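If you number the sequence shown the way the UniProt record's numbering does, the last residue is 451 and the count never jumps.
Where a beta carbon is used, it is the ideal one built from N, C-alpha and C, also for glycine.
Predicted model only: the values in this text are computed from it and were never measured.
See structure below.
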Amino acid sequence: MQSQLSSTIGENNYKTWIEPMEFHGVEPGGVAVFNVPTNFIGTYVSQNFGDILLAKLSGMDTDVRRLKFQVANADTRPAPAQQQPRPAAQAQPAPAAAAPANSDLLPGAPLDGRFTFDSFVVGKPNELAHAAAKRVAEGGQVTFNPLFLYGGVGLGKTHLMHAIAWDLRNNRPDLNVLYLSAEQFMYRFVQALRERRMMDFKELFRSVDVLMVDDVQFIAGKDSTQEEFFHTFNALVDQNKQIIISADRAPDEIKDLENRIRSRLQSGLVVDLHPTDYELRLGILQSKVQNYREQYPALQLDDGILEFLAHRISTNVRVLEGALTRLFAFASLVGQPITMELTQDCLADVLRASDRKISIEEIQRKVAEHYHIRLSDLIGPKRVRNFARPRQVAMYLCKQLTARSLPEIGRRFGGRDHTTVMHGVKRIEELRTQDSQIADDVELLRRALEA
């Protein structure tokens, strides 16, 4: 019956909604009973797949008249063998396979099998984030809640989130672990509102032991979703349940995020995954090469290639890994060893894009020249308008065009606090939509710096 149901309603729907249920038996009156992890799942299956499921069961046992879904608990026992549906034909019945409530981290996102702690390369820029993630993945009580991981694209946030979920799933199957993106949380919330099932939504999200939300910056500006997220957050913290959050920037840098949520997110351990250094990038490449050796055992890799790539491609780990993947595939297709000449030909566009690195000092010089002020006045303590506005423009460009953190940018501007930088960045963001001259200045400077 599993294969028939899967083909009828789709494999994703089957794995998400049917597989977590456990067939309990047939009660008097032809009531087929299923144990479900939560009322939400039972209600959803009844409303969306109930007729299909009933038809399949009726074909196996003509006594089955209706369905019943009950939340499984410690007192729930499997029905005696004689209560199982009797097949109408010779084929043996195959009820939906039982699965733990958190076997697929329902109703969240699927996990990537590549993203484990074993495949995560640790270096100085990410060692604190890795250590904190490992501590949470043990499943015991920790002194920080929530754990907030943030950093730019391709620095390992999602990898660590998946690794935590895998470890918890394998080592602590008793815990109800829910991993999903902020976008999925928002979708579930809107769906519950539309279908008037908010109580099921609240019960589902408040019954987890570990809640993991990826890319939380996407709920910023969504007032109703933020409200529900805040209440869910509070309910879980009050029950000493663990929360793990990731975002592309620190909580105080997420625009349009409510102050009470920002305060909550900052109440635990906030960890920055810094841009990779040369040693970490080289380690990542060496780890990837070991995997590729199994796929391309006869392919020759000249000395110095990995060191060359680690030096030249420094902004994004995904770009770095993608470049290595392309290199191995290309060399295999043309049947040539990976030499320096082949590497430069194959990755010409990637290397060209990685050549241009803009520094804070270069931005400061360009801005000072553009506004005809001295560099010392731009980074100095004077707050007169003639210097303050160019200084804010320079801070904004530093944030947009470099991978430097706000505290580091502040230090390069006369030792200013990161909140001053954040204020300057926000002010220019606002003025760009209101003042055409500022918008033109920023665009002109950006093009000059990227040329």
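Would you check if the region 249 to 265 and the region 291 to 299 touch, i.e. whether three or more CB-CB distances between them fall below 8 Å?
Contact between the region 291 to 299 and the region 249 to 265 is absent, because fewer than three Cβ pairs lie under 8 Å.
Hey, could you find the ends of the beta strand (DSSP E) A220 is sitting in?
Translated into positions along the sequence shown, residue 220 becomes position 220. Unbroken run through A220: none, as it is neither H nor E.
Here's the rule I'm using: 16 or more other beta-carbon atoms within 10 Å means buried, otherwise exposed. How should Y278 be labelled?
Locating residue 278 in the sequence shown gives position 278, counting from the first residue. Exposed, because fewer than 16 other Cβ atoms sit within 10 Å of the Cβ of Y278.
Do the region 270 to 290 and the region 309 to 317 meet, that is, are 3 or more Cβ pairs less than 8 Å apart?
Verdict: yes, contact present.
Where does the unbroken alpha helix (DSSP H) through E27 begin, and where does it stop?
For the purposes of this step, residue 27 is taken as the residue at position 27 of the sequence shown. Per DSSP, E27 belongs to no alpha helix (DSSP H); it is in the beta strand (DSSP E), 22 to 27.
State buried or exposed for G268, treating a residue as buried only when at least 16 other CB atoms are found within 10 Å of its CB.
In the sequence shown, residue 268 corresponds to position 268, counting from 1. That one is buried.
Taking the straight line between their C-alpha atoms, what separation do you get for A11 and G156?
The residue given as residue 11 occupies position 11 in the sequence shown. The residue given as residue 156 occupies position 156 in the sequence shown. Residue identity differs from the one stated: residue 11 is Glu in this sequence, not Ala. Distance between the alpha carbons of E11 and G156: 29 Å.
To the nearest angstrom, report how far apart L53 and M186 are at their CA atoms.
The residue you call residue 53 lines up with position 53 of the sequence shown. The residue you call residue 186 lines up with position 186 of the sequence shown. Computed Cα separation, rounded: 29 Å.
Spatial neighbours of T225 within its chain, please: CB distance less than 6 Å, with the 5 preceding and 5 following residues excluded, ordered by chain position.
Position 225 of the sequence shown holds residue 225. These residues qualify, in order along the chain: M186, F189, I219.
Do you know how far the Cα of S314 is from the Cα of A331?
Walking along the sequence shown from the start, residue 331 turns up at place 331. Walking along the sequence shown from the start, residue 314 turns up at place 314. Using only the alpha carbons, I get a separation of about 23 Å.
Could you check the C-alpha separation between residue 474 and G283 for me, to the nearest Å?
As shown, the chain starts at 1 and ends at 451. That puts residue 474 outside it, with no answer to give.
Compute the Euclidean distance between the alpha carbons of P146 and E203, then round it to the nearest angstrom.
For the purposes of this step, residue 146 is taken as the residue at position 146 of the sequence shown. For the purposes of this step, residue 203 is taken as the residue at position 203 of the sequence shown. Distance between the alpha carbons of P146 and E203: 20 Å.
Measure the beta-carbon distance from I164 to A133 and round it to whole angstroms, keeping in mind my assumption that it falls under 8 Å.
The count along the sequence shown starts at 1 and reaches residue 164 at position 164. The count along the sequence shown starts at 1 and reaches residue 133 at position 133. With a Cβ gap of about 5 Å, I164 and A133 count as contacting.
Can you tell me the Cα-Cα spacing of D200 and D63, whole angstroms?
As a position in the sequence shown, residue 200 is number 200, starting the count at 1. As a position in the sequence shown, residue 63 is number 63, starting the count at 1. Whole-angstrom Cα-Cα distance: 31 Å.
I'd like to check one pair, A247 with D215: are the Cβ atoms closer than 8 Å?
The residue labelled residue 215 in the question sits at position 215 within the sequence shown. The residue labelled residue 247 in the question sits at position 247 within the sequence shown. Yes, these two residues count as a Cβ contact at 8 Å.
D302 and H370: beta carbons closer than 8 Å?
Start at 1 with the first residue of the sequence shown, and residue 302 comes out as number 302. Start at 1 with the first residue of the sequence shown, and residue 370 comes out as number 370. No, these two residues do not count as a Cβ contact at 8 Å.
Helix, strand or coil for N35 per DSSP?
By 1-based counting over the sequence shown, the position of residue 35 is 35. If DSSP states are grouped into helix, strand and coil, N35 belongs with the strands.
Taking T43 and R197 to be in contact with their CB atoms under 8 Å, please state how far apart those CB atoms are, rounded to whole angstroms.
The count along the sequence shown starts at 1 and reaches residue 43 at position 43. The count along the sequence shown starts at 1 and reaches residue 197 at position 197. Indeed they touch by this definition, with Cβ atoms about 6 Å apart.
Just tell me which of M395, I373, L397, Y396 has its CA closest to the CA of F387.
Here residue 387 corresponds to residue number 387 of the sequence shown, with the count starting at 1. The shortest C-alpha separation from F387 is found at I373.
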